[in-house]
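Offset between the sequence shown (1-based) and our numbering: plus 70.
Built from N, CA and C at the ideal position, the CB exists for glycine as well.
Working notes for the structure below.
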Amino acid sequence: MRRIIIAPDSYKGTLSAIEACNIIEKAALESFPQLTVVKLPMSDGGEGFADSMYYSCGGEKVTVEVKDPLWRDIRASYVILQDGTAVIEMAAASGLTLLRKEERNPLETTSYGTGQLIAHALEKGCERIILGLGGSATNDGGIGMGAALGMRFLNGNEEVPLSGKGMEAIDTLDCSEIHPGLKKAQITIACDVTNPMYGENGAAYVFGPQKGADQDEVKRLDFGLRNFAKVIDRSIDFKVEDIPGSGAAGGMAGFLLAFANAKLRPGLDIVLEAMQFEKHLKDCDLVITGEGRTDRQSAMGKVISGIGSRTKKYGIPLVVLSGTLEEGSEMLYEAGVTAMFSACRNLTDQEELLKNAETNLYNAAKNLFRLLKYTK
């Protein structure tokens, strides 16, 4: 074995994709010191998206003071790639992980900080922006973001709250001061969901509970999204609710489709294309990927299945090293996966899993490479 690719997703809540790459590489080189290792940290548009693009494509990190989902001052970063494209991860400024569990309430949270990042990139002259929407804490239809970009959302002559609860009161939009760069920029939304803006499969009902909303709050958020969609249609003759994926990130995708002529693309496709993944497969003997938990969802267009379709095309074996293997993970064998291994040796509580994630992944990788070494 001469050349391998290590291309994991993040192990949610424990290891970043880059950390996982380094752990697996260490185990590989212990058994194969002369091995050429290509590390390609993956993301489908969620956690670690900007870092994945930065690591693979180069560029610069830009750090800005912005508002978090509850209007507190924080510092958040985005990436400007070597070709001038800005890569912004919504989770950096408006992410669920920025809030304690008891703070999570999408009626109160705002996407304003993400709008500040976009505005900063536009001010720096970025004409292409890729926005990863995963991991958001918000369900505000993007009105917080829009306000940071110069829009006003009114009830009569009064501005509404720039959070989830504000959408139900909007009756007028004022776009007169919207950032001029927004219409000129090419904005691509890295998005893997097809949920509509509202309804039983929409942003509030599907994702609201994950962000802290109870049943009554979900109904109120959905009502707000319906109202906002009607106001958009009345104002600019754009039926956002008809577009699959408009409900991503609490309706933020719908906002960008309506007001920035944004395009939706699967996040993994963006990452694989940017890092020229298929080019790296040339003369490769093995690909290793993984994630925190592998289950039936992993076969539905996520990182592992996306990599599997490409390794299958070139006849290259693909091994999965994940934290746990759950029911339905066996579906991945049809998606190009050769073998799967769980890094967790026994059932332990969540705290133990988090604490031992690095050791568990290293041991699983070490055993894999020892097996490969002695079964030439």
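Next on the checklist: For Asp312 and Asp244, what's the separation of their Cα atoms in angstroms?
Outcome noted: Position 242 of the sequence shown holds residue 312. Position 174 of the sequence shown holds residue 244. Near 23 Å, if we compare the C-alpha coordinates of Asp244 and Asp312.
Item to check | Inter-residue spacing [alpha-carbon to alpha-carbon] between Phe329 and Ile259 | outcome: For this step, residue 329 is matched to residue 259 along the sequence shown. For this step, residue 259 is matched to residue 189 along the sequence shown. Looking at the two C-alpha atoms, the distance is approximately 13 Å.
Next on the checklist: Using C-beta distances below 6 Å, list every residue in its chain close to Gly317, excluding the 5 sequence neighbours before and after it, in chain order.
Outcome noted: As a position in the sequence shown, residue 317 is number 247, starting the count at 1. Same-chain partners within the cutoff: Asn265, Pro266, Met267, Gly272, Ala273.
Next on the checklist: Please give me, in chain order, every unbroken run of the beta strand (DSSP E) with length at least 3 that falls completely inside the region 186-232.
Outcome noted: The qualifying runs are 198-202, 222-225.
Next on the checklist: In chain order, what are the residue ranges of uninterrupted alpha helix (DSSP H) at least 4 long that sit wholly in the region 83-169?
Outcome noted: Whole alpha helix (DSSP H) segments, 4+ residues: 87-101, 119-127, 160-164.
Checklist entry - Relative to the C-alpha of Ile358, which residue among Asp241, Lys300, Leu438, Glu130 is closest? => result The count along the sequence shown starts at 1 and reaches residue 358 at position 288. Just measuring C-alpha positions, the residue of Asp241, Lys300, Leu438, Glu130 sitting nearest Ile358 is Leu438.
Checklist entry - Just curious, the alpha helix (DSSP H) that Arg296 is in, first and last residue? => result Along the sequence shown, read from residue 1 onward, the residue named residue 296 stands at position 226. For Arg296, the enclosing alpha helix (DSSP H) begins and ends at 285-306.
Next on the checklist: Does the contact criterion of 3 or more C-beta pairs under 8 Å hold for the region 289-298 versus the region 362-378?
Outcome noted: Two segments are said to touch when three or more pairs of C-beta atoms, one from each, lie closer than 8 Å; by this definition the region 289-298 does not touch the region 362-378.
Next on the checklist: Assuming the contact rule is C-beta atoms closer than 8 Å, Cys196 and Ile150 should be a hit. Round their C-beta distance to whole Å, please.
Outcome noted: Counting from one through the sequence shown, the residue named residue 196 turns up at place 126. Counting from one through the sequence shown, the residue named residue 150 turns up at place 80. 6 Å between Cβ atoms; contact.
Checklist entry - Hey, how far is the Cα of Asp121 from the Cα of Gly398? => result In the sequence shown, residue 121 corresponds to position 51, counting from 1. In the sequence shown, residue 398 corresponds to position 328, counting from 1. Inter-residue distance for Asp121 and Gly398 is about 29 Å (C-alpha atoms, whole angstroms).
Checklist entry - Taking DSSP as the reference, what is the three-state secondary structure of Gln346? => result Locating residue 346 in the sequence shown gives position 276, where the first residue counts as 1. Under the three-state reduction of DSSP, Gln346 is assigned to coil, being neither helix nor strand.
Checklist entry - Do the region 335-347 and the region 99-117 meet, that is, are 3 or more Cβ pairs less than 8 Å apart? => result As far as the Cβ criterion goes, the region 335-347 touches the region 99-117, which means the pair count is three or higher.
Next on the checklist: Suppose you measure from the CA of Gly219 to the CA of Gly128; what does that come to, to the nearest Å?
Outcome noted: Taking the sequence shown and counting its residues from 1, one reaches residue 219 at position 149. Taking the sequence shown and counting its residues from 1, one reaches residue 128 at position 58. For the record, residue 219 in the displayed sequence is Leu; it is not Gly. Answer to the nearest angstrom: the Cα atoms are 27 Å apart.
Item to check | Identity of the residues DSSP links to Lys333 by a beta bridge | outcome: The residue given as residue 333 occupies position 263 in the sequence shown. Lys333 pairs with Thr258.
Checklist entry - Grouping DSSP H, G and I as helix and E and B as strand, with all else coil, what is Thr394? => result Taking the sequence shown and counting its residues from 1, one reaches residue 394 at position 324. Here Thr394 sits in strand by DSSP.
Checklist entry - Taking the Cβ atom as the reference point for each residue, do Thr167 and Gly214 lie within a distance shorter than 8 Å? => result Translated into the one-based positions of the sequence shown, residue 167 becomes position 97. Translated into the one-based positions of the sequence shown, residue 214 becomes position 144. No, Cβ-Cβ distance for Thr167 and Gly214 is not below 8 Å.
Next on the checklist: Bridge partners for Asp244 per DSSP, in chain order?
Outcome noted: For the purposes of this step, residue 244 is taken as the residue at position 174 of the sequence shown. Answer is Arg222, bridged to Asp244.
Item to check | Whole-Å CB distance - Val310 paired with Ile240, under 8 Å assumed | outcome: Counted from its first residue, the sequence shown places residue 310 at position 240. Counted from its first residue, the sequence shown places residue 240 at position 170. Contact doesn't hold; Cβ gap of about 13 Å is too wide.
Item to check | Nonlocal neighbours in the same chain, by C-beta distance under 6 Å from Gly59, ignoring five residues either side | outcome: For the chain, the structure presents residues 71 to 446; residue 59 sits outside this window and is missing.
Checklist entry - With a Cβ-Cβ cutoff of 8 Å, do His249 and Leu342 count as a contact? => result Residue 249 sits at position 179 when you count from the first residue of the sequence shown. Residue 342 sits at position 272 when you count from the first residue of the sequence shown. Contact annotation: His249 and Leu342 have beta-carbon atoms that are not nearer than 8 Å.
Checklist entry - For Ile358, which of helix, strand or coil comes out of DSSP? => result The sequence position of residue 358 within the sequence shown is 288, counting from 1. Three-state result, Ile358: strand.
Next on the checklist: Under 8 Å, with one C-beta from each stretch per pair, do the region 374-383 and the region 157-166 reach the 3-pair mark?
Outcome noted: The region 374-383, when compared against the region 157-166, does not touch it at the 8 Å Cβ threshold.
Next on the checklist: Pop quiz: Ala434 and Phe411 are said to be a contact at Cβ under 8 Å. What is the actual Cβ separation, rounded to whole angstroms?
Outcome noted: The sequence position of residue 434 within the sequence shown is 364, counting from 1. The sequence position of residue 411 within the sequence shown is 341, counting from 1. That pair is a contact at about 5 Å.
Next on the checklist: How far does the alpha helix (DSSP H) with Ala427 in it extend, from its first residue to its last?
Outcome noted: Reading the sequence shown from its first residue, position 357 is the one you call residue 427. From DSSP, the alpha helix (DSSP H) with Ala427 extends over 427-444.
Item to check | Length of the line joining the Cα atoms of Arg174 and Val230 | outcome: Taking the first residue of the sequence shown as position 1, residue 174 is located at position 104. Taking the first residue of the sequence shown as position 1, residue 230 is located at position 160. Cα-Cα distance, rounded: 20 Å.
Next on the checklist: Spatial neighbours of Met401 within its chain, please: C-beta separation below 7 Å, excluding the five flanking residues on both sides.
Outcome noted: For the purposes of this step, residue 401 is identified with residue 331 of the sequence shown, where counting begins at 1. Contacts found: Arg366, Ala369.
Item to check | Under the three-state DSSP convention, the category Thr184 falls into | outcome: Start at 1 with the first residue of the sequence shown, and residue 184 comes out as number 114. Under the three-state reduction of DSSP output, Thr184 falls in the helix class.
Item to check | Whole-number beta carbon distance between Ser126 and Ala344, since they are thought to touch under 8 Å | outcome: As a working mapping, residue 344 is identified with position 274 in the sequence shown. As a working mapping, residue 126 is identified with position 56 in the sequence shown. Between Ala344 and Ser126, the beta carbon gap of about 6 Å places them in contact (Cβ cut-off 8 Å).
Item to check | Arg415 - containing beta strand (DSSP E), residue span | outcome: For this step, residue 415 is matched to residue 345 along the sequence shown. Looking at the DSSP string, Arg415 is not in any beta strand (DSSP E), and its letter there is neither H nor E.
Next on the checklist: By the DSSP assignment, the alpha helix (DSSP H) with Ile374 in it spans what residues?
Outcome noted: On the sequence shown, position 304 is the one that residue 374 refers to. Looking at the DSSP string, the run of the alpha helix (DSSP H) that includes Ile374 is 373-384.
Checklist entry - What whole-angstrom Cβ distance do Ile144 and Val108 have, given they're in contact under 8 Å? => result Taking the sequence shown and counting its residues from 1, the one referred to as residue 144 is at position 74. Taking the sequence shown and counting its residues from 1, the one referred to as residue 108 is at position 38. A Cβ-Cβ separation of about 34 Å leaves Ile144 out of contact with Val108 under the 8 Å criterion.
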